[in-house]
Every structure is written in structure tokens, then in C-alpha cells.
Ligand code: NI
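In my numbering, the protein residues as written are 119 to 392.
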């Protein structure tokens, strides 16, 4: 597991360390990546998604800081997820082969007093030095908690319980489908993934979005993996792997933003499977 005091020297370092942490935690993502490379594909990432809470100490900006230091720019488009009580923004790097960074936050003023008070008390224990470090986006869970608290949070907000349990780390990496050769088409790619025994998120249909929205996406369901709680290890949903194909805007430029209605369903990839 990646150490919390990892020294981040460069953007390559930051992105690579995040990838290794993500693969460590989610062997299924690594196996799917390996399936593509075994087929002769070079896998580029379309984006990496991070999750947080809109507490004054934290928020989207606290996770974005290290990326901005390494040249990422905050884009103007805003994303609202009314039902899930989330707000999100995304960052792009001048080098378009680098992944976009998509950061969402749970709007604590909109959740129940129980969720708000629980999350606030966890955050208050966070040392500022951790939030300020360049490795904050891969630092993992910085607080102790037990499994019953996780379960209670999950009853109201799967998102709150996920961040409380896993802390600050990539929620998913996303394969840039346009950059693939054999699997350049999302239905073909989905069929390939399913034929290898992986379950795709079917909420709202396997493919989210339409070419008219300039972005279509699919994702695996996060497998349940062991998470250490103060009262022992329990299996809970970890991270998922996503696949994104983009289309050109009428001006000929590839659309680089996101589609809130599609992302809304993709968020459910970390829901517990019945
Ligand atoms: Ni995504």
C-alpha cells in the first residue's frame, strides 16, 4: 500500500503513484488493463475521479491544489447532481494526452444532521499538514472508524460512506476509448469486458450518454474488497474502472467536458450489489 508520506516530485510521480494505489486496492482494474495491453493496446486515461466533502477545511479545491501546481487548469463548466447532493468540476492539462481530473464533493448542508455531524467530526481530526501535502489525493483514510458507522452512513449516502471508509484516493480511472485501436467502439469493448467475466453497471443502461451529448461512457461495478475498520476487516465496494468515448463538437474540437446525467448513474457503480 502506498505510504501517506510519499514524496511527490513531479506530475508523472503523482499520476503514477495514484495508479499504483488504485491497482493495489482494485486488482480487477489492473487485470482489465492487462487484458487490453495483451491485445496490443496502449491504454491512456481519459480522466481520474476523486471524491470529497464541501467542508471549509476540505472541498474540491483541497484535492485540486497539487494538480494545479503541476499545470492543470480548472475549467468553467459546473456539474450539479441534485438527488445525490453533489457538485463537481474538472481540470485539464495543456498536454491533452494526460488525464482530466474530475472532482466531486458532497454538499454537507443538504444531508441529514447525522451524516453532516459524523463527517464534520471526522474532518475536524484531519491535520492541515496532510491536506496541504502534494500526496493528499492518494493519502487514503486518515481517521479511525468502525463498520457500524460505515453501514449507517451508507443507508443515507453511499457516497458519504465510500469517502468515510476509503478516504482520499482515486475513485476510478477511465480508459480513453478513442485512443484504443481494436476496442475503439464502446459496445465492442463492453462485450469484451463482459466476456472476461466482469459485471458492468447497468443503471440507466450499460452505455450512459449519447453521441449527441459528445460523450458516452460505461463502467464496471466496483467489486467488494476488504477494508480495515477499527473492529476488523469487512468487504465493501471499492473502486470501479470506467470507459469513455468522446465525440467532436460542431467546431471540430473533441468535447472535453462531462455529462451530469450520465455521471449521475455512473456514481452508482460503487453501490452495494444485492
Ligand atoms: Ni468518470
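By construction, the Cβ of each residue, glycine as well, lies at the ideal position given by its N, Cα and C atoms. Remember, predicted model here, so these are calculated numbers, not experimental data.
Heavy atom of ligand 1 less than 7 angstroms from the Cβ of residue 360, yes or no?
yes
What span of residues does the beta strand (DSSP E) with residue 325 cover, start to end?
Neither: residue 325 is in no beta strand (DSSP E) and is coded neither H nor E.
Quick check on residue 207 - is its C-beta less than 8 angstroms from some C-beta in chain D?
No chain D is present in this structure, which holds just one protein chain.
Distance CB(residue 315)-CB(residue 380) smaller than 8 angstroms:
no
At a cut-off of 7 angstroms, would you count residue 154 as near ligand 1, judging by its Cβ distance to the nearest heavy atom?
no
In the DSSP assignment, what residue or residues form a beta bridge with residue 293?
163, 361
Exposed or buried, what is residue 156 when buried is set at 16 or more other beta-carbons lying within 10 Å of its beta-carbon?
exposed
DSSP beta-bridge partners for residue 338?
318
What is the rounded straight-line gap between the Cα of residue 249 and the Cα of residue 241?
10 angstroms
Let me check understanding here. Comparing Cα to Cα, which of 228, 143, 332 lies closest to residue 201?
228
Between the CA atoms of residue 138 and residue 127 - distance to the nearest angstrom
16 angstroms
Distance between residue 220 and residue 359 (C-alpha atoms, nearest Å)
14 angstroms
What's the call for residue 296, buried or exposed, on a 16-neighbour Cβ count within 10 Å?
exposed
For residue 383, which three-state DSSP category applies?
helix
Neighbourhood of residue 324 by C-beta, 7 angstroms cutoff - its chain only, sequence neighbours within 5 removed
308, 318, 336
Residues that residue 344 bridges to, as DSSP identifies them
353
Quick check on DSSP: helix, strand or coil for residue 176?
coil
What do you get for residue 338, buried or exposed, if any count of 16 or more other CB atoms within 10 angstroms of its CB means buried?
buried
Would the beta-carbon of residue 340 be found less than 7 angstroms away from any heavy atom of ligand 1?
no
Quick one: any contact between the region 342-357 and the region 175-184, if contact means 3 or more CB pairs under 8 angstroms?
no
Rounded to whole angstroms, what's the CA-CA distance from residue 122 to residue 270? Just pull it up for me.
Bear in mind that the predicted position of residue 122 carries a pLDDT of just 46, short of 50, making it unreliable; the figure below should be weighed with that in mind. Their backbone Cα atoms lie some 27 angstroms apart in a straight line.
Exposed or buried, what is residue 370 when buried is set at 16 or more other beta-carbons lying within 10 Å of its beta-carbon?
exposed
Any heavy atom of ligand 1 inside 7 angstroms of the beta-carbon of residue 208?
no
Does the beta-carbon of residue 398 have 16 or more other beta-carbons within 10 angstroms, so that it is buried, or is it exposed?
Nothing in the structure corresponds to residue 398, since the chain is present only between 119 and 392.
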